[in-house]
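*Asks:* Position one of the sequence shown corresponds to residue 319 (our numbering), numbered consecutively onward.
All residues carry an ideal CB built from backbone N, CA and C; glycine is no exception.
Being a predicted model, the structure only gives us computed values, none of them experimental.
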Amino acid sequence: MASGDAVRVPDIPVALSTASVYPENCAAAFQHASRLGYDAVEVMVWTDPVTQEAGALRALAELHGIRIVSVHAPTLLISQRIFGVEPWGKIDRSLELAHDLGAETVVLHPPFRWQKDYARDFADGIATREHESGITLAVENMYPWRVRGREIEAYLPHWDPVPQPYDHVTLDLSHTATAGSDALAMVEALGPRLKHLHLADGAGSMRDEHLVPGHGNQPCGQVLDALVHNGFDGSVVVEISTRRLTGEQREIALAESLAFCRLHLAGALEAEEEA
Numbered sequence: 319m320a321s322g323d324a325v326r327v328p329d330i331p332v333a334l335s336t337a338s339v340y341p342e343n344c345a346a347a348f349q350h351a352s353r354l355g356y357d358a359v360e361v362m363v364w365t366d367p368v369t370q371e372a373g374a375l376r377a378l379a380e381l382h383g384i385r386i387v388s389v390h391a392p393t394l395l396i397s398q399r400i401f402g403v404e405p406w407g408k409i410d411r412s413l414e415l416a417h418d419l420g421a422e423t424v425v426l427h428p429p430f431r432w433q434k435d436y437a438r439d440f441a442d443g444i445a446t447r448e449h450e451s452g453i454t455l456a457v458e459n460m461y462p463w464r465v466r467g468r469e470i471e472a473y474l475p476h477w478d479p480v481p482q483p484y485d486h487v488t489l490d491l492s493h494t495a496t497a498g499s500d501a502l503a504m505v506e507a508l509g510p511r512l513k514h515l516h517l518a519d520g521a522g523s524m525r526d527e528h529l530v531p532g533h534g535n536q537p538c539g540q541v542l543d544a545l546v547h548n549g550f551d552g553s554v555v556v557e558i559s560t561r562r563l564t565g566e567q568r569e570i571a572l573a574e575s576l577a578f579c580r581l582h583l584a585g586a587l588e589a590e591e592e593a
């Protein structure tokens, strides 16, 4: 690249998850995203009532001039009563919210093992809803739970989406660390089914760490390189944990995560163009 040339980046939006600013609220996430130069936001549906209300979210998006690319359905263990307790009802309300916001993707977790009826029809149910709504339903990779040295299979049909018949998948790089999965192998195995990336890092702890990318042992940069090489047409969402940081430290962590992502995406594009 000649001196003075503008740095080109792939047409891959880099979004900030509202979960990345917790315990700050959803409105603060939009402020951070706009101020730091993120392209978009992913809304984690949570106890914060703003995350459940399309009108309030649209107002935030308009105020800060930033779009909402995805909605994370409340399918976490600690959000089991948000949008009701019936699993399909939670997914349908998340789809309605995404439709009202113009978001392209709804992220969801696989069923818990005790949700047997939901799990039995899960693959067919999400395929039908994708077809009817025109919104991508991207099932996220999870990990086995570990208690006193024993692994517990908490998800049905499994925490690993690669062998499952899902049309679209979200790859979370903190979850690959916790599971001990090979993230690059998952990227290649998923191929065009990979539609969404949760960018974070992990050091292989039993806990789901969501570290700043580059602070763990996951191949975060290589995964971003692979996305560009593979013609990825989804979104990259920074989903890190900053709950124990000061306000200043949080801002630095969010800025560092964005810079890491931009650097690798731009470098991969340059390498592709020179090849």
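#1: For residue 586, which residues of its own chain have a beta-carbon under 6 Å away from its beta-carbon, when the five flanking residues on both sides are left out?
#2: When we look at the beta-carbon of residue 320 and count the other beta-carbons within 10 Å, is it buried (16 or more) or exposed?
#3: Closest by CA to residue 568, which one among 331, 332, 341?
#4: Going by CA-CA distance only, name the one from 575, 570, 578, 556 that's closest to residue 362.
#5: Grab the span of the alpha helix (DSSP H) containing residue 382 for me, first residue to last.
#6: Output yes if chain D places a C-beta closer than 9 Å to the C-beta of residue 388; else output no.
#7: Report yes or no: do the stretch 434-447 and the stretch 399-415 share at least 3 C-beta pairs separated by less than 8 Å?
#8: Take the Cβ of residue 337 as the centre, count every other Cβ of all protein chains shown within 10 Å, and call the residue buried at 16 or more, exposed below.
#9: Going by DSSP, name the residue or residues bridged to residue 496.
#10: Between residue 578 and residue 570, what straight-line distance do the alpha-carbon atoms span, to the nearest angstrom?
#11: Anyone know if the C-beta pair for residue 540 and residue 520 falls short of 9 Å?
#12: Comparing alpha-carbon positions, which option in 426, 443, 410 lies nearest residue 360?
#13: I'd like to know whether the C-beta atoms of residue 572 and residue 350 end up nearer to each other than 9 Å.
#14: Classify residue 504 as helix, strand or coil using the three-state DSSP reduction.
#15: Just to check my reading of the structure: residue 594 and residue 517 have Cβ atoms closer than 8 Å, yes? What is that Cβ distance to the nearest angstrom?
#16: Could you pull the DSSP bridge partners for residue 430 from this structure?
#17: When the distance is taken between beta carbons, is residue 475 closer than 9 Å to residue 440?
#18: Excluding five sequence neighbours on each side, which residues of the same chain lie with their C-beta closer than 6 Å to the C-beta of residue 479?
#19: Pick out whichever of 522, 394, 481 has its Cα sitting closest to the Cα of residue 503.
*Replies:* Quick look at the numbers:
#1: Once the five neighbours on either side are set aside, the close Cβ partners of residue 586 are 543, 546.
#2: Per-residue confidence for residue 320 stands at a pLDDT of 42, beneath the threshold of 50, marking its modelled position as unreliable; no derived number is given.
#3: The shortest CA-to-CA distance from residue 568 to any of 331, 332, 341 is the one to 341.
#4: Taking only the C-alpha atoms, the option nearest residue 362 is 556.
#5: Run containing residue 382: 372-382, per the alpha helix (DSSP H) assignment.
#6: Considering every chain present, this structure includes no chain D. It has just one protein chain.
#7: As far as the Cβ criterion goes, the stretch 434-447 touches the stretch 399-415, which means the pair count is three or higher.
#8: So residue 337 counts as buried.
#9: DSSP output for residue 496 lists no bridge partner at all.
#10: The alpha-carbon of residue 578 is positioned some 12 Å away from that of residue 570.
#11: Against a cut-off of 9 Å, the Cβ pair of residue 520 and residue 540 comes out as no contact.
#12: Ranking the options by Cα distance to residue 360, first place goes to 426.
#13: Inclusion of residue 572 and residue 350 in the CB contact set at 9 Å is warranted, their separation being smaller than that value.
#14: Correct three-state label for residue 504: helix.
#15: With the chain represented from 319 up to 593, any question about residue 594 goes unanswered, as that position is not in the structure.
#16: Beta-bridge pairing links residue 430 to 473.
#17: It is a contact, given that the beta carbons lie within the stated cut-off.
#18: Around residue 479: 457, 459, 487.
#19: Nearest to residue 503 by C-alpha distance, out of 522, 394, 481, is 481.
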